[in-house]
Amino acid sequence: MDSGLGRSLTSELPVLGLQDELDSLQFDDVFVEEYLLAKLQDSQRRLQEVRDYKHALDEAARPENVSANLPPRQPLGASPKTGASLLHPKKGRRHQRLFVASFRLPLTVEIGDDGEVKSSISNGSLGLFSAFKDLLGRVPIRWLGAPGQTFHDAAQLPPDERSKMERHFQKRRHRKSMGLLSYVPLFPDAEDAAAHQEFCNSVMWPLFHYIPLNLGERTYHVEMFDAYERVNRFYADALIQEWKRTGIDESEAMFWIHDFHLCLVPKILRDRLPNARIGYFLHTPFPAGEIFRALAPRKELLEGLLGADLLGFHTYDYARHFLSACERLLGVTVQPDHVDNKGINVQVGIYPFGIDADTFRAAMKQSTVKDIRDELLESFAGKKVLVGVDRLDYIKGIPHKLLAVEHFLECHPEWIGRVVMLQVTTPSMSASEEYHAFRSEILEMVGRINGRFATLEDMPIHYREVTMTFEQMCALYSVADVAIITSLRDGMNLVSHEYIMCQKEQNGVLILSEFTGAAQNLPGALLVNPWNVEMVSDAIFQSLEMPDFERELKHQKLYRHVVMHTASAWGVRFIDDLVKFSAIRKAKAMQLIPMPKHRVRDSYRATKGKRLFFFDYDGTLRKYESQPELAEPSERLLEVLRRLASCDQNIVFIVTGRQKNTVMDWFRGVGLGFAVEHGFSMRWPDHLREKFGGRRMSGLQEYGEQETYATTGNTLVVKRDETWNDLISPHDLIAMRDALELAGSLLRRIEDCTPTSFLSRKESAYSWHFRDADPDFAVSRAHDARQALEEVLQGSPMEVLMGQKILYVRPRGVHKGAAVAEVLRRLDLEGEAPDWVCSIGDDRTDEDMFKEIYRNADGKDISVHTCTVGRKSTSAKYYVQHVDEVLDFLERLAQVDVNSP
């Protein structure tokens with residue numbers, strides 16, 4: 001913004017009531033614009049709150065809502081106008097249920113000396129519990145989990161105490177006030193629970209937080225994962241049992257699975273309840289591929305997660321790492337927002353978690369909080385207060401924070417005695433040697449720093465290990481001028497959100513580690529690398545010296561985000577998306593039909609006229625090999641094809657990207673027809689070659705065994721095998737060869753710099769294979785190569801396209817669909833049009849074949865059966881899972897002819 005526009009803006013500021021505020025500050029035009037925008041957005045937010053409040057009062061005043069004294073809420077997936085469910089317009093919320101599973105319940109459960117069971121919301125679970133606040137008015141929720149601190153605690157309970165807990169929660173379930181939220185305690189096998197806990201705590205949790213496994217000892221044992229799987233199956237069984245008790249339809253049940261303890265549950269549920277709506281949310285980071293690949297059961301964990309309709313992550317980084325792991329380890333196709341899991345899209349969403357902003361806003365008005373706050377202000381009067389609130393855990397970066405404070409005091413001695421650091425840590429239940437060593441390290445650092453910089457009046461660091469009450473925590477947040485969070489890795493870190501909500505009047509500054517999930521969602525925070533002590537130290541100085549005007553601007557950005565992205569909004573958004581995406585998945589699944597082999601065989605047997613087959617080869621009749629020359633047909637395949645081709649009713653074509661000499665060597669004497677190089681050249685089966693093989697294709701000139709064409713002063717001699725017909729004119733062959741020379745030189749350079757990829761030259765085409773190359777790098781190189789080739793080949797008869805991890809350069813208009821069209825045209829001209837057609841393929845190039853068959857059969861009395869190998873988005877009508885299924889199916893068809901009289 002230029003200075004003239006800046007002056008015009010500031011001249012209007014008295015209208016906004018901001019002129020006096022800005023006159024006392026130093027600012028530039030950009031800062032003025034940013035400040036005014038923040039003020040405007042804040043006013044809009046407040047206006048919307050007033051409107052919402054007024055609407056709620058109006059709704060509550062309506063006669064039908066007076067008894068409830070609450071604004072009505074719509075069921076999930078409801079129409080804004082009618083409030084009826086979009087999935088079942090005549091059904092209300094009583095026909096829907098949300099089943100939640102977390103590895104433990106969000107409750108502290110105790111059995112008193114008198115045998116009475118008491119339960120209350122545990123402090124550490126307030127965030128997740130508050131996420132269901134707005135959902136409760138829309139759908140009944142049943143929450144399953146272990147009632148202790150860990151699975152192990154719950155598993156070790158005596159049977160009589162288990163029974164007491166179950167009766168306690170059963171009573172809560174039937175209380176009117178608790179009718180929409182009920183809890184189901186789970187008690188896994190004690191040995192399985194212990195092994196499950198060891199796998200989660202010693203293997204998964206460290207790796208998910210980028211902590212390498214201990215090299216000095218064997219951390220992982222296969223028995224751990226076996227127990228992990230059994231506990232996950234136990235959870236899935238419990239969820240299904242609870243669903244059965246409700247009596248609702250499978251399609252109305254929603255399952256929401258939480259965190260890394262239960263990664264296998266989505267797939268187990270999907271296998272048993274294919275129409276259920278299944279969501280999963282990971283509350284920790286999802287590590288980068290190099291880290292995740294260290295997990296021995298990595299594929300099983302990914303496959304377990306892909307049973308869900310919707311997978312939620314805190315940040316795009318976590319989602320990106322997950323997508324990359326799926327692509328690299330499972331070989332599936334991924335997009336930025338979904339995974340193609342055998343033809344079914346598993347949606348991947350970004351859902352940054354939040355807090356219950358209303359609870360913190362209300363707490364700041366409580367007299368208890370104000371009293372504690374006044375005491376703290378009196379204790380630290382005249383000093384700037386830095387605060388840190390962390391769990392006593394090595395990923396929280398407490399030593400890094402203390403080193404930064406020490407460095408700050410070294411570099412800025414003028415602040416000694418004027419600033420105090422209040423570090424509060426929540427004690428851990430761990431009794432390990434590592435924990436005690438870590439705690440001792442922190443205490444030693446605190447003592448050393450205080451020894452260096454303490455004065456007679458005060459010491460710079462006040463360190464406490466205590467579990468604070470909610471009121472104490474809010475009061476502490478409210479007095480701090482700066483909050484410092486130096487986590488080495490954190491899924492989200494909600495301390496940042498809590499601090500922001502308690503700083504509405506103070507406008508405190510937030511120093512936040514860039515390795516937290518919150519760092520990607522909190523504009524206005526000072527992001528730091530906790531490993532860089534100098535950087536954190538500089539951020540402390542910047543925070544303490546920051547002008548009030550800038551503090552307010554930054555805090556308004558932070559406050560706005562926290563208020564807009566609350567825990568309850570997170571829960572509603574996730575479930576609404578789950579309803580939407582599960583409906584899409586269900587519709588897609590209905591389009592994918594497993595091949596009805598018996599029905600197809602019956603139609604084959606009943607056909608009296610010609611039967612026509614089109615088969616792809618690699619990935620269809622033979623599994624892929626890393627080296628194409630290794631994919632020779634098996635004796636079993638040759639025998640099946642020989643028997644099919646020997647029937648007078650059958651015409652069998654292999655339509656492949658392979659070359660002439662390869663198919664002739666492999667299938668000589670079998671009696672097949674071929675369309676090689678994706679349809680560039682065709683050869684009819686032996687028994688039909690006399691009738692079809694000696695004639696050129698439509699619109700092309702016939703030519704003899706040897707013809708000569710002049711080109712740029714040179715002579716090109718082209719020798720022809722009369723048993724093959726080309727789908728490109730002789731004159732275009734010259735331009736094709738020139739274009740292939742240009743493409744080849746470029747592709748060879750790409751091949752040289754892409755390890756494990758290789759280039760294949762054919763008569764009419766080049767194909768660059770990168771199946772075994774690094775997927776991210778190879779795809780990037782393929783896109784670059786495609787763009788460069790399209791520029792180089794512009795105006796030539798060649799085209800560039802992507803296949804299944806293959807880049808093709810081939811003649812324009814030459815594809816499998818064109819070859820199929822020519823075969824069908826010629827048969828129709830000769831009066832031998834088929835009554836029955838079957839086509840089987842596996843990749844994108846085969847889609848042209850399927851489409852052409854349906855186009856040709858439109859309006860004709862032809863029995864058409866198209867099939868793709870592997871569940872995927874396809875134009876084919878059916879699918880089979882594996883190449884072996886194709887061979888089994890063809891054997892059954894061949895047996896029909898053997899048994900026919």
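In terms of UniProt numbering, the sequence shown is residues 1 to 901. Ideal Cβ positions, reconstructed from N, Cα and C, are used throughout, including at glycine.
### Query
Considering only the beta carbon of each residue, do tryptophan 768 and serine 760 sit closer than 9 Å?
One-based indexing of the sequence shown puts residue 768 at position 768. One-based indexing of the sequence shown puts residue 760 at position 760. Cβ atoms of tryptophan 768 and serine 760: closer than 9 Å.
#### Entry: Neighbourhood of phenylalanine 692 by C-beta, 8 Å cutoff - its chain only, sequence neighbours within 5 removed
Residue numbering aside, residue 692 sits at position 692 when the sequence shown is read from its first letter. Within the same chain, Trp684, Arg826 and Glu830 come within 8 Å of phenylalanine 692 by CB-CB distance, once the 5 residues on both sides are set aside.
#### Entry: Under 9 Å between C-beta atoms of isoleucine 500 and valine 528
The count along the sequence shown starts at 1 and reaches residue 500 at position 500. The count along the sequence shown starts at 1 and reaches residue 528 at position 528. Cβ atoms of isoleucine 500 and valine 528: not closer than 9 Å.
### Query
Nearest CA to the CA of valine 419: which residue from Phe541, Ser432, Ile344 and Arg448?
Here residue 419 refers to the residue found at position 419 of the sequence shown. Residue Phe541 holds the alpha-carbon nearest to the alpha-carbon of valine 419 among Phe541, Ser432, Ile344 and Arg448.
### Query
What first and last residue would you give for the alpha helix (DSSP H) that runs through leucine 801?
Position 801 of the sequence shown holds residue 801. No alpha helix (DSSP H) contains leucine 801, which is instead part of the beta strand (DSSP E) from 798-802.
#### Entry: Beta-carbon proximity list for alanine 894, same chain, < 6 Å, skipping 5 on both sides
If you number the sequence shown from 1, residue 894 lands on position 894. The beta carbon of alanine 894 is closer than 6 Å to those of Val640, Arg643 and Leu644 in its chain, skipping five residues each way along the sequence.
### Task
Drop a sphere of 10 angstroms on the beta-carbon of glycine 397, count the other beta-carbons inside from all chains shown, and report buried for 16 or more, exposed for fewer.
In the sequence shown, the residue the question calls residue 397 occupies position 397. Classification of glycine 397: buried, given that the 10 Å Cβ count is 16 or more.
### Message
Please classify aspartate 843 as buried or exposed, where buried requires at least 16 other C-beta atoms within 10 Å of its C-beta.
### Response
For the purposes of this step, residue 843 is taken as the residue at position 843 of the sequence shown. It counts as buried.
### Query
beta strand (DSSP E) containing glycine 673: first to last residue?
For the purposes of this step, residue 673 is taken as the residue at position 673 of the sequence shown. For glycine 673, the enclosing beta strand (DSSP E) starts and ends at 673-676.
### Task
Would you be able to state if there are at least three C-beta pairs under 8 Å between the stretch 585-598 and the stretch 624-641?
No contact exists between the stretch 624-641 and the stretch 585-598.
### Query
According to DSSP, which residues form a beta bridge with glutamine 335?
The residue given as residue 335 occupies position 335 in the sequence shown. DSSP output for glutamine 335 lists His338 as bridge partner(s).
### Query
Exposed or buried, what is glycine 382 when buried is set at 16 or more other beta-carbons lying within 10 Å of its beta-carbon?
By one-based count along the sequence shown, residue 382 stands at place 382. So glycine 382 counts as exposed.
### Query
Taking the Cβ atom as the reference point for each residue, do glycine 343 and glycine 671 lie within a distance shorter than 9 Å?
Here residue 343 corresponds to residue number 343 of the sequence shown, with the count starting at 1. Here residue 671 corresponds to residue number 671 of the sequence shown, with the count starting at 1. The Cβ-Cβ distance between glycine 343 and glycine 671 does not fall below 9 Å.
### Query
For valine 536, which of helix, strand or coil comes out of DSSP?
Here residue 536 refers to the residue found at position 536 when the sequence shown is read from its first residue. The answer is helix: DSSP assigns valine 536 an H, G or I state.
#### Entry: Proximity below 9 Å, CB of proline 185 to CB of proline 147
Here residue 185 refers to the residue found at position 185 when the sequence shown is read from its first residue. Here residue 147 refers to the residue found at position 147 when the sequence shown is read from its first residue. Yes, Cβ-Cβ distance for proline 185 and proline 147 is below 9 Å.
### Query
Since leucine 144 and alanine 253 are thought to touch, with beta carbons under 8 Å apart, how far apart are those beta carbons, to the nearest angstrom?
Indexing the sequence shown from 1 puts residue 144 at position 144. Indexing the sequence shown from 1 puts residue 253 at position 253. For a cut-off of 8 Å, the C-beta gap from leucine 144 to alanine 253 is around 13 Å, too long to register as a contact.
### In DSSP terms, what phenylalanine 615 is bridged to
By 1-based counting over the sequence shown, the position of residue 615 is 615. Its beta-bridge partners are Ile654 and Ile840.
### Query
Can at least three beta-carbon pairs, one atom from the stretch 615-629 and one from the stretch 656-676, be found at a separation below 8 Å?
In this structure the stretch 615-629 touches the stretch 656-676; the number of beta carbon pairs closer than 8 Å is three or more.
### Query
Rounded to a whole number of angstroms, what is the C-alpha to C-alpha distance between valine 886 and glutamate 229?
On the sequence shown, position 886 is the one that residue 886 refers to. On the sequence shown, position 229 is the one that residue 229 refers to. Taking the straight line from one Cα to the other gives about 32 Å.
### Task
Note down the Cα distance separating glycine 354 from alanine 518, rounded to an integer number of angstroms.
Translated into the one-based positions of the sequence shown, residue 354 becomes position 354. Translated into the one-based positions of the sequence shown, residue 518 becomes position 518. Spanning the two alpha carbons is a distance of roughly 9 Å.
### Task
Grab the span of the beta strand (DSSP E) containing alanine 347 for me, first residue to last.
As a first step, residue 347 is located in the sequence shown; it is residue number 347 there, counting from the start. Checking the displayed sequence, the identity of residue 347 turns out to be glutamine instead of alanine. Taken as a continuous stretch (DSSP letters only), the beta strand (DSSP E) holding glutamine 347 covers 344-350.
### Message
Could you tell me which whole alpha helix (DSSP H) segments of length 4 or greater appear in the stretch 358-442?
### Response
Every alpha helix (DSSP H) of 4 residues or more that sits fully in the stretch 358-442 is shown, in chain order, as 367-379 and 398-411.
### Query
If you draw a straight line from the C-alpha of valine 717 to the C-alpha of isoleucine 734, how long is it?
In the sequence shown, residue 717 corresponds to position 717, counting from 1. In the sequence shown, residue 734 corresponds to position 734, counting from 1. Here valine 717 scores only 38 on pLDDT, less than 50, and its place in the model is too uncertain to base an answer on.
### Query
If you check the beta carbons only, do glycine 571 and threonine 284 fall under 9 Å apart?
By one-based count along the sequence shown, residue 571 stands at place 571. By one-based count along the sequence shown, residue 284 stands at place 284. No, these two residues do not count as a Cβ contact at 9 Å.
### Query
Ordered along the chain, which non-local residues of its own chain (more than five positions away) have a Cβ less than 6 Å from that of serine 764?
For this step, residue 764 is matched to residue 764 along the sequence shown. Same-chain partners within the cutoff: Glu677, Phe680 and Pro811.
#### Entry: Cα-Cα separation between serine 796 and aspartate 726, rounded to whole angstroms
Counted from its first residue, the sequence shown places residue 796 at position 796. Counted from its first residue, the sequence shown places residue 726 at position 726. Here the alpha carbon of serine 796 sits roughly 18 Å from the alpha carbon of aspartate 726.
### Message
Here's the rule I'm using: 16 or more other beta-carbon atoms within 10 Å means buried, otherwise exposed. How should proline 530 be labelled?
### Response
Here residue 530 corresponds to residue number 530 of the sequence shown, with the count starting at 1. So proline 530 ends up on the buried side.
### Option in Gly331, Ala288 and Phe286 with minimal Cα separation from aspartate 772
Residue numbering aside, residue 772 sits at position 772 when the sequence shown is read from its first letter. Closest by alpha carbon: Gly331.
### Query
Taking the C-alpha atoms as reference points, what is the distance between residue 931 and valine 562?
Since the displayed the chain opens at 1 and closes at 901, residue 931 lies outside it and no answer follows.
#### Entry: leucine 311 to lysine 267 span [Cα, whole Å]
Here residue 311 corresponds to residue number 311 of the sequence shown, with the count starting at 1. Here residue 267 corresponds to residue number 267 of the sequence shown, with the count starting at 1. Spanning the two alpha carbons is a distance of roughly 12 Å.
### Query
Going straight from the alpha carbon of proline 297 to that of glycine 744, what length do you get?
Counting from 1 along the sequence shown, the entry for residue 297 is found at position 297. Counting from 1 along the sequence shown, the entry for residue 744 is found at position 744. The alpha-carbon atoms of proline 297 and glycine 744 are separated by roughly 42 Å.
### Task
Counting only the same chain and skipping the five closest in sequence on each side, list residues whose C-beta sits under 6 Å from that of serine 67.
In the sequence shown, the residue the question calls residue 67 occupies position 67. Only weak support exists for where serine 67 lies, its pLDDT of 34 falling under 50; the value from the coordinates is given anyway. Counting only Cβ-Cβ distances below 6 Å, and skipping sequence neighbours, we find nothing.
### Anticipated Cβ contact below 8 Å, valine 792 with leucine 746, distance rounded
Position 792 of the sequence shown, counted from the start, is the residue given in the question as residue 792. Position 746 of the sequence shown, counted from the start, is the residue given in the question as residue 746. So it is a contact: roughly 6 Å between Cβ atoms.
### Query
Who are the Cβ neighbours of serine 543 in its own chain at under 7 Å, not counting the five residues just before and after it?
As a first step, residue 543 must be located in the sequence shown, where it is residue number 543. Result list for serine 543: Val482, Val509, Ile511 and Leu526, in chain order.
### Query
What do you reckon, is the C-beta of aspartate 602 under 8 Å from a heavy atom of the ligand ADP?
With respect to small molecules bound, the structure shown includes none, and the ligand ADP cannot be examined in it.
### Query
From serine 247 to alanine 276, what distance separates their C-alpha atoms?
Position 247 of the sequence shown, counted from the start, is the residue given in the question as residue 247. Position 276 of the sequence shown, counted from the start, is the residue given in the question as residue 276. It should be pointed out that residue 247 corresponds to glycine in this sequence rather than to serine. Cα to Cα, glycine 247 sits roughly 14 Å from alanine 276.
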